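Written below as structure tokens is the structure these notes are about.
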Amino acid sequence: MLFEPFEFGRITLRNRLVMAPMTRNRATADHVPTAIMATYYAQRASMGLIVTEGVAPSPDGAGYPRIPGLYNAEQVAAWQPITQAVHDAGGHIFAQLMHTGRASHVANLPAGARVVSSAAVALPDAIYTDSQGPQPASPPHALEASEIAAVVQEFVAAARHAMDAGFDGIELHAANGYLIEQFLNANLNTRTDAYGGSAANRNRFALEVAIATAEAIGADRVGIRISPHGAFNAMGAFEGVDEQFVALATELGALKLAYLHLVNHASMGAPALPATLPAQLKAAFDGVFIASGGLDRAQAEALLTSGAADLVAFGRPALANPDLVERLRSGAPLNGPDFATFYTPGEAGYTDYPVLTP
Ligand SMILES: Cc1cc2nc3c(=O)[nH]c(=O)nc-3n(C[C@H](O)[C@H](O)[C@H](O)COP(=O)(O)O)c2cc1C
1 MLFEPFEFGR ITLRNRLVMA PMTRNRATAD HVPTAIMATY YAQRASMGLI
51 VTEGVAPSPD GAGYPRIPGL YNAEQVAAWQ PITQAVHDAG GHIFAQLMHT
101 GRASHVANLP AGARVVSSAA VALPDAIYTD SQGPQPASPP HALEASEIAA
151 VVQEFVAAAR HAMDAGFDGI ELHAANGYLI EQFLNANLNT RTDAYGGSAA
201 NRNRFALEVA IATAEAIGAD RVGIRISPHG AFNAMGAFEG VDEQFVALAT
251 ELGALKLAYL HLVNHASMGA PALPATLPAQ LKAAFDGVFI ASGGLDRAQA
301 EALLTSGAAD LVAFGRPALA NPDLVERLRS GAPLNGPDFA TFYTPGEAGY
351 TDYPVLTP
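The letter at position 176 of the sequence shown is residue 176 when you use the working numbering, and the numbering goes up by one with no holes.
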């Protein structure tokens, strides 16, 4: 089933393979996309759907160096040739909106922007900066309840900008310890207002962002990515995590979103997901379900044929193989990824992975 087309909202994907979102830090220091990004994504347009790297929805959300944004006109204009190149090659592309929250350093932010989170607790990890190398993450300002509506509106503005830039939709990054998960996760979110203190309250920010962006651009253009039990960015499991995420999936499904994208980071060193959780989440979410994390062709095919997933996402294999679809189809060996060039500027390790020669 991997290579069969898939009806997907207003578009038809030519196969069921999704390129997982991967931060590559090839934008400018001012978070403007660059021409080599058009080459990179167009090279991978044979994937049924591309989900871009994390894209900052606002200046406050741009906590890593050289990640692209969608918060000003210059960025929108710079994305247009990228989405066009993917469409010209027959592909489809969603922008992943990633507000870094406390996974941030002020040196990476535009002037006047600030580091924010659900709680005033610094990320206990280093953040890379171009000017000073790795630095302790900047301490965040805990958003006041009265400030949260404005942050939701930043996501709405970025979703509209994504449409102006020619994207087919957006993916809300509610995984991997960025701002939305900083609200979802009880280990960090100890708020006592309407955004913390209970599962429903911790889910509130994610749902407000999903509702508002869906109203703005259409629910069928809004997907969401979650990583319950993920350890990245000092998250980790907490009491009631499964029940909370199942409730979240139920409410997201009621919104008729484009998809729910589940991260399984066991392949990246995180603890394994409870065996029954993916099926519980899929059953709770009324819509398209994407599985990801450490998949090979046989595992991906099995997920589709068993009905455990509707689409399957590949990260590192798509990074290292522009022609991944053709290689999976033919059984050709895969290039391995070069970890040293994951986040470095320029074309090396970015647009120069070899393709099969006929
Ligand atoms: C270089 C790199 C950058 C990544 N950046 C992001 C990101 O921006 N957003 C996200 O949701 N996941 C990100 N991930 C996680 C991947 O989307 C994916 O979940 C992970 O690589 C596991 O899948 P794989 O085994 O197919 O690579 C990144 C992974 C890699 C290797």
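Each residue gets a CB set at the ideal place from its N, CA and C atoms; glycine is no exception. Note that the coordinates shown come from a computational prediction; the quantities given were computed from them, not determined experimentally.
Reference residue i; option with closest CA among the options
i	options	result
Ile290	Tyr350, Leu303, Val312	Val312
Ser117	Glu326, Arg327, Gly9, Tyr178	Tyr178
Ala216	Ser138, Leu277, Ala42, Ala159	Ala159
Ala78	Ala200, Ala279, Asp30, Gly293	Asp30
Gln153	Ala113, Val209, Asp125, Asn189	Val209
Glu347	Tyr40, Met1, Phe167	Tyr40
Phe3	Val355, Ala300, Ala308	Ala300
Asn321	Leu304, Tyr343, Tyr350, Ala308	Tyr350
Val115	Asp60, His87, His161	Asp60
Arg202	Phe167, Phe183, Ala113	Phe183
Ala254	Pro136, Ala214, Gly240	Ala214
Asp242	Arg327, Ala270, Ala275	Ala275
Pro65	His92, Thr23, Ala95	Thr23
Gly218	Gly69, Ala258, Asp296	Ala258
Phe8	Gly48, Ala27, His141, Thr34	Gly48
Ser267	Gly293, Ala113, Ala174, Ile211	Gly293
Leu273	Phe238, Pro5, Asn15, Leu252	Phe238
Span of the alpha helix (DSSP H) around residue i
i	result
Arg44	Counting along the chain, Arg44 falls outside any alpha helix (DSSP H), and DSSP gives it neither H nor E.
Leu245	The amino acid occupying residue 245 in the given sequence is Phe; Leu does not appear at that position. Taken as a continuous stretch (DSSP letters only), the alpha helix (DSSP H) holding Phe245 covers 241-254.
Ile67	That residue, Ile67, is in no alpha helix (DSSP H); it is neither H nor E in DSSP.
His261	Careful: His261 lies outside any alpha helix (DSSP H), inside the beta strand (DSSP E) at 259-263.
Gln75	73-88
Ala284	277-284
Val288	Not the alpha helix (DSSP H): Val288 falls in the beta strand (DSSP E), residues 288-292.
Pro317	316-320
Glu144	Glu144 -> no alpha helix (DSSP H), and no H or E assigned at all.
Presumed contact (8 Å Cβ cut-off) between residue i and residue j, rounded CB distance
i	j	result
Gly63	Leu97	Not a contact, Cβ separation roughly 14 Å.
Ile170	Val222	6 Å
Thr52	Ala95	5 Å
Val317	Leu334	Note that residue 317 is Pro in the sequence shown, not Val. About 6 Å; that satisfies the 8 Å criterion.
Pro271	His229	6 Å
Any chain C beta carbon closer than 8 Å to residue i
i	result
Pro59	Here there is only one protein chain, and chain C is not present.
Collapsed DSSP secondary structure at residue i in the structure displayed
i	result
Met19	strand
Ala308	coil
His173	strand
Tyr128	strand
His99	coil
Val106	helix
Glu181	helix
Ser267	helix
Leu227	Here the sequence assigns Ser to residue 227, which means Leu is not the residue at that position. Coil, per DSSP.
Ser117	strand
Pro59	helix
Start and end residues, beta strand (DSSP E) containing residue i
i	result
Phe6	6-8
Arg327	Element bounds for Arg327: not the beta strand (DSSP E) but the alpha helix (DSSP H), 324-330.
Val32	Note, Val32: premise wrong, no beta strand (DSSP E); not H, not E.
Leu13	11-13
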